[in-house]
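Trainee:
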Amino acid sequence: MKIHEFQAKHLLREAGVSVLPGLVVRQPDEAAAAFHEVGGHVAVVKAQIHAGGRGKGTLLGDDAQRGVQLVHSATEAVQVARRLLGHKLVTVQTGPEGQPVRQILVEKGCSIARELYLGIVLDRAAARPVVMVSSEGGVEIEQVAARTPERIFREHFDPVVGLHSFQVRKLCAKLGLTGPTVRSAERFFKSLCHVFARYDCSLVEINPLVVTTDGELVALDAKMTFDDNGLFRHPEIARLRDLDEEEPAEVRAAAAGLSYVKLTGNIGCLVNGAGLAMSTMDLIKLHGGEPANFLDVGGGADTQQVTEAFRILLDDPHVQGVLVNIFGGIARCTTIAAALLEASRQIGFRVPLVVRLEGTEVEEGRRMLAESGLNIVTADSLTDAAQKIVAAVAAQA
Amino acid sequence: MSILVDQQTRVICQGITGTAGRFHTRGCLAYGTRMVGGVTPGKGGTEVEGLPVFDTVEAAVAHTGANATMIFVPAPFTADAIYEALDAGIEIIAAITEGVPALDMVGVYAAVHRRRARLIGPNCPGLITPGACKIGIMPGYIHQPGSVGVISRSGTLTYEAVWQTTRAGLGQSTCVGLGGDPIVGTSFVELLELFEADPQTEAVLLIGEIGGGAEEEAAAYVRQYVTKPVAAFIAGRTAPPGKRMGHAGAIIAGGKGTAGEKIEALQEAGIEVADSPADMAQAVLRAISRRRDR
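Those protein sequences? They're chains A and B, same order as listed. Just so you know, we're using this note's numbering here: the first sequence kicks off at 868 and counts up by one. Just so you know, we're using this note's numbering here: the second sequence kicks off at 18 and counts up by one.
1. Can you confirm whether the region 1079-1090 of chain A touches the region 1041-1055 of chain A when touching is taken to mean that 3 or more C-beta pairs between the two stretches lie within less than 8 Å?
2. Do you know whose CA, among A:HIS1154, A:ARG1217, A:SER978 and A:ALA1246, lies nearest VAL1229 (chain A)'s CA?
3. With DSSP as the reference, please indicate the residues paired to LYS1057 (chain A) in a beta bridge.
4. Using Cβ-Cβ distances below 7 Å, what residues of the region 1181-1197 of chain A are close to chain B?
5. If you follow the alpha helix (DSSP H) that PHE40 (chain B) is part of, which residue opens it and which one closes it?
6. Excluding the 5 residues flanking ARG981 (chain A) on each side, which residues of the same chain have their C-beta closer than 6 Å to its C-beta?
7. Anything in chain A within Cβ reach of GLY272 (chain B), meaning under 7 Å, just list it in chain order.
8. Quick check on ASP292 (chain B): buried or exposed, where buried means 16 or more other Cβ atoms within 10 Å of its Cβ?
9. Does ASP1169 (chain A) come within less than 8 Å of chain B when only Cβ atoms are used?
10. Specify whether the region 142-150 of chain B and the region 191-203 of chain B touch according to this definition: at least 3 beta carbon pairs, one from each stretch, less than 8 Å apart.
11. Among residues of its own chain, excluding the 5 on either side of ILE251 (chain B), which ones have a beta-carbon nearer than 6 Å to its beta-carbon?
12. In chain order, what are the residue ranges of uninterrupted alpha helix (DSSP H) at least 4 long that sit wholly in the region 163-239 of chain B?
13. Need the endpoints of the beta strand (DSSP E) that PRO1075 (chain A) sits in, please.
14. Do you know whose CA, among A:GLY1195, A:LEU1153, A:LYS1152 and A:GLU1157, lies nearest GLY1165 (chain A)'s CA?
15. Identify which residue in B:GLY106, B:GLY38 and B:ASP198 has its Cα closest to the Cα of ILE88 (chain B).
16. To which residues does DSSP link PRO69 (chain B) through a beta bridge?
17. Apply the 10 Å Cβ neighbour rule to TYR158 (chain B) and answer buried if 16 or more other Cβ atoms are within range, or exposed otherwise.
18. Using only the alpha-carbon positions, how far apart do GLU1066 (chain A) and LEU1220 (chain A) sit?
19. Exposed or buried, ARG828 (chain A), counting other C-beta atoms within 10 Å across all chains shown (16 or more means buried)?
20. Check the DSSP bridge columns for LYS1090 (chain A) and list the partner residues they point to.
21. List the endpoints of the continuous alpha helix (DSSP H) containing ASP97 (chain B).
22. Tell me, to the nearest whole angstrom, how far the beta carbon of LEU1076 (chain A) is from that of TYR984 (chain A); I am working on the premise that it is less than 8 Å.
23. From GLY166 (chain B) to THR1147 (chain A), what distance separates their C-alpha atoms?
24. Under the assumption that HIS1185 (chain A) contacts VAL1257 (chain A) (Cβ atoms under 8 Å), give the Cβ distance between them as a whole number of angstroms.
25. Find the residues of chain A that neighbour PRO156 (chain B), judging by a C-beta separation of less than 7 Å, and give them in chain order.
26. On the CB-based measure, 16 or more other CB atoms within 10 Å of its CB, does ALA1182 (chain A) come out buried or exposed?
27. Terminal residues of the continuous alpha helix (DSSP H) containing MET1235 (chain A)?
28. Of all the alpha helix (DSSP H) runs that stay within the bounds of the region 966-1033 of chain A, which reach a length of 4 or more residues?
29. Among the residues of its own chain, which have a CB less than 6 Å from the CB of LYS1090 (chain A), if the five just before and after it don't count?
30. Are the beta-carbon atoms of PRO1158 (chain A) and GLY1188 (chain A) separated by less than 8 Å?
31. Distance, Cα to Cα, GLY138 (chain B) vs GLN31 (chain B)?
32. Looking at C-alpha atoms only, which residue of B:HIS80, B:ALA214 and B:ALA119 is the closest neighbour of ALA105 (chain B)?
33. Need the endpoints of the beta strand (DSSP E) that THR1128 (chain A) sits in, please.
34. Excluding the 5 residues flanking SER164 (chain B) on each side, which residues of the same chain have their C-beta closer than 7 Å to its C-beta?
35. Would you mind sorting TYR238 (chain B) into buried or exposed? The rule is 16 or more other CB atoms within 10 Å of its CB.
36. Taking all protein chains shown into account, decide if ASP930 (chain A) is buried (16 or more other Cβ within 10 angstroms of its Cβ) or exposed.
Rendered as structure tokens:
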């Protein structure tokens, strides 16, 4: 689960990580009061959407307006707020249609001496969290990793113990931080690692992490992502979820216990099991088609879930055909076939449907589909299924 | 021969009184697994499917001599169940449960490796030595005793591979579902080492997916240490970056963990990679005949 920058900064401030004073604004007129309240002569107005790349992103239809802007007066803050709020911001991560800006953060400006990078992730190979820092702040870490990997420094830590002081000193030495900044870093780095472990994060990223002209470390940006599996023990974090920022079909699928990811093709797929679902997408592509989605109905898919899955697939106007691929293990093919038939009776199909069943009680399941009188094409192998659905969709065009 | 489990393996089920634990205990018993008991705190002294239920794993081990466990307890309690199994000296732990917090696994992983026990999973179908011992939720009848060692990060995709190798007449020595989470107890590399040493195993099939670098590590290991033919399939060539594809661990993060990188690493190590999930058994046969020709 992702949260907004202003929410992340609130959590960080509570945990003792240094962030700048800032206020969230949802109406343009509120920006004036926010400008005065955060204090100072300069403020930064930042669009709050979940996608990254906001600073370089521009408004849909107005390339001159960026998602993060410097303002020098309350009047200017209101002007910028008016331009951003209610408009769509296009960044490298939003896609060309952009993402509507519903709230902005008005934050006090600061004088920057250096920009650094700090990220905490779970290092899967080491089976431990790792802090990564780099002297290349404000640049995407992937680019640094590709071009100058020697400028990234890492320290692993135990989530229960946290980061040791000596590890902070090692990182500071490599970043060239000295004197009072090292003391600032001790608190900053340790608090961030504590936050990561405390809230079951999967990512905490501060980019840029700035050294002010006073030698203090400040989180100029903040990105936090949480492990969905850990949310049950953090209801206060789960409440921060902003459904407006998520794909509606994915939200709907999750509510039905389905795992769904929307893609850009025209062949919908309904599969049991995540690995098989991914492979089915690959198979469609291999045979010249384009998958419209990833959809795993899980091991014990019942009629209700299969029906909802079909509804979600068919609500996507791009879908011109559906491939069902089921390997019946514990879930029997007959159960799945009955669910398919019931679902197709309830919904009615506007597009070709190809079904490939294999596994437990497969003969009986196939017979049920064949005798149903419904317009279902059965396939007897994976390859056959992919070829049939690709051909059926091509025939419509 | 086989790896990890055989007819002598004595298995308990942690969470045996729950719906899933009870259902799959019955399935394992029907397959012929030596199920010897179960554990549910507070339900000690009762019976499930004719098996004695204990309050603690320690008591279950003392009374039954169990050396393996399958865990069906809910995700918030899974780490504790694994620690309890370790503490009781259980050697093979299969954690089937899905949804375990990743940070819980940091401590579990370290504890398992200190103890030299084997943890399979979490979020996995379990493991099976066909005809001898099934620990987990896979449909038993698709398997056939044979020569292919199967290691996979997936569930139903593994069944697909198993079914293909059964129909191709190859059969399986042992099949292990590693689990779909970012941190799992056992890696491809650890099992490749066991399969390489197992006389029954003539070839190994690796089934990987996007996310992490486990397949790349496997490729490096195969290149250096494995003499047996190895085939592979990687799911997720069409998966978009930054999106979790069902499994918690199946995500291309920061441009890393793509199917393309993994396939390239596997091919460079001389591994036969199937292009299509329909082609997994054929890839094993190609790997075997290529090795024979050398």
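The beta-carbon is built from N, C-alpha and C at its ideal position, and this holds for glycine as well.
Mentor: Judging by the given coordinates:
1. yes
2. A:ALA1246
3. Answer by DSSP bridge pairing: none, since LYS1057 (chain A) is not bridged.
4. PHE1194, GLY1196 and ILE1197
5. 36-48
6. VAL1078
7. GLU1009
8. exposed
9. no
10. yes
11. GLY225, ALA276, LYS279 and ILE280
12. 173-184 and 205-214
13. 1068-1079
14. A:GLY1195
15. B:GLY38
16. B:GLU64
17. exposed
18. Before going further, note that residue 1066 (chain A) is Tyr rather than Glu in the sequence given. Whole-angstrom Cα-Cα distance: 44 Å.
19. One cannot answer for residue 828 (chain A) here, as it falls past the ends of chain A, which runs 868 to 1264.
20. A:GLU1072
21. 95-104
22. 6 Å
23. 23 Å
24. Going by Cβ atoms, the distance from HIS1185 (chain A) to VAL1257 (chain A) rounds to 15 Å, so no, they are not a contact pair.
25. GLY1196, ILE1197, GLY1226 and THR1227
26. Reading the sequence as shown, one finds Asp at residue 1182 (chain A) and not Ala. Classification of ASP1182 (chain A): exposed, given that the 10 Å Cβ count is below 16.
27. 1229-1238
28. 1008-1014
29. GLU1072
30. no
31. 14 Å
32. B:HIS80
33. Checking the sequence, you will find Val at residue 1128 (chain A) rather than Thr. 1126-1129 is the extent of the beta strand (DSSP E) around VAL1128 (chain A).
34. LEU187, GLY188, SER190, GLN217, THR218, GLU219 and ALA220
35. buried
36. exposed
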